[in-house]
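Colleague: In the order they appear, the protein sequences are chains A and B.
What the first sequence shows, in this note's numbering, is residues 9 to 125, in sequence order.
What the second sequence shows, in this note's numbering, is residues 9 to 127, in sequence order.
For each residue, glycine too, the CB sits at the ideal point set by N, CA and C.
Here it is, the structure, as structure tokens.
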Amino acid sequence: GAVVSQHPSWVICKSGTSVKIECRSLDFQATTMFWYRQFPKQSLMLMATSNEGSKATYEQGVEKDKFLINHASLTLSTLTVTSAHPEDSSFYICSATHRGRLNTEAFFGQGTRLTVV
Amino acid sequence: AQKVTQAQTEISVVEKEDVTLDCVYETRDTTYYLFWYKQPPSGELVFLIRRNSFDEQNEISGRYSWNFQKSTSSFNFTITASQVVDSAVYFCALSGLNAGGTSYGKLTFGQGTILTVHP
Numbered sequence: 009g010a011v012v013s014q015h016p017s018w019v020i021c022k023s024g025t026s027v028k029i030e031c032r033s034l035d036f037q038a039t040t041m042f043w044y045r046q047f048p049k050q051s052l053m054l055m056a057t058s059n060e061g062s063k064a065t066y067e068q069g070v071e072k073d074k075f076l077i078n079h080a081s082l083t084l085s086t087l088t089v090t091s092a093h094p095e096d097s098s099f100y101i102c103s104a105t106h107r108g109r110l111n112t113e114a115f116f117g118q119g120t121r122l123t124v125v
Numbered sequence: 009a010q011k012v013t014q015a016q017t018e019i020s021v022v023e024k025e026d027v028t029l030d031c032v033y034e035t036r037d038t039t040y041y042l043f044w045y046k047q048p049p050s051g052e053l054v055f056l057i058r059r060n061s062f063d064e065q066n067e068i069s070g071r072y073s074w075n076f077q078k079s080t081s082s083f084n085f086t087i088t089a090s091q092v093v094d095s096a097v098y099f100c101a102l103s104g105l106n107a108g109g110t111s112y113g114k115l116t117f118g119q120g121t122i123l124t125v126h127p
């Protein structure tokens with residue numbers, strides 16, 4: 009149990025277009041979902057925290073108007089990169105915490121590799 | 009603020025050697041969780057271990073072992089008899105606890121250590 013699925017696994021888009029990445033908890037309800045970004049050969053940096061039905065909380069330096077997060081249900085959060093530019097090319101990975109399960113780790117999706125050309 | 013430091017950027021060993029990956033952390037929280045993840049070239053994060061700050065017992069799982077030293081704020085990871093399949097990036101991470109006392113899930117990652125095991 010506790011599977012998190014991200015879609016797509018990879019995407020190539022043209023500069024100026026928008027890209028939506030989905031993060032789904034397949035077999036549990038996720039209280040909170042987290043979005044991380046990882047540039048090549050670097051660590052994972054938290055971008056934002058999203059709770060179902062409320063606005064996401066963005067980390068300092070992350071543009072909320074550029075990285076739109078929607079957490080409409082307990083099993084789905086989406087990250088939309090608007091007006092993507094080559095510098096947005098990165099590996100985006102989500103994680104989710106399990107509602108109702110105490111003392112547990114966050115479960116990670118498999119990640120989405122975004123390339124903006 | 010929380011901080012995790014993995015001083016070893018890259019480690020290269022020959023198969024069957026033992027290797028230890030270092031992790032030092034900083035936090036003002038009195039209770040917290042520590043994690044190790046493996047990231048193979050495909051990119052997904054593979055969960056290896058979670059350790060509660062109250063539990064300082066070392067843990068062994070097959071060829072993997074972890075040494076938690078609260079006094080030195082370290083949580084080191086040792087692979088015994090390394091194998092080529094162990095080649096990956098390894099991340100140490102830290103999480104505080106929410107008001108309910110459960111792992112918050114918001115992780116602070118170290119810089120990662122690239123481990124290469126040669127045949």
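Counting only Cβ pairs nearer than 7 Å, list the residues of chain A close to Q119/B.
Modeller: Here the neighbours are S51.
Colleague: G118/B to L42/B, Cα distance in whole Å?
Modeller: Using only the alpha carbons, I get a separation of about 11 Å.
Colleague: Return the CA-CA distance between G117/A and Q91/B, expressed in angstroms with no decimal places.
Modeller: Cα to Cα, G117/A sits roughly 26 Å from Q91/B.
Colleague: In terms of residue numbering, what span does the beta strand (DSSP E) encompassing E18/B cover?
Modeller: Here the beta strand (DSSP E) through E18/B covers E18 to V22.
Colleague: Anything in chain A within Cβ reach of F99/B, meaning under 9 Å, just list it in chain order.
Modeller: Going along chain A in sequence order, the residues near F99/B (Cβ under 9 Å) are S51 and L52.
Colleague: Note down the Cα distance separating E64/B from Q77/B, rounded to an integer number of angstroms.
Modeller: Straight-line Cα distance between these residues: approximately 7 Å.
Colleague: Run the CB neighbour count on S23/A, radius 10 Å, all protein chains shown included, and call it buried at 16 or more, exposed below.
Modeller: Exposed: under 16 other Cβ atoms inside 10 Å.
Colleague: Given F47/A, which residues of its chain have a CB within under 7 Å of its CB, disregarding the five upstream and five downstream residues?
Modeller: Only S98 meet the Cβ criterion.
Colleague: Give a yes or no on whether the C-beta atoms belonging to T83/A and R121/A are separated by under 8 Å.
Modeller: Result no, Cβ atoms of T83/A and R121/A do not sit closer than 8 Å.
Colleague: Going by DSSP, what residue range makes up the beta strand (DSSP E) through Q47/B?
Modeller: Where Q47/B is concerned, the enclosing beta strand (DSSP E) stretches over Y40 to Q47.
Colleague: Here's the rule: buried if 16 or more other CB atoms are within 10 angstroms of the residue's CB, otherwise exposed. What is L123/B?
Modeller: It is buried - the Cβ of L123/B has at least 16 other Cβ atoms within 10 Å.
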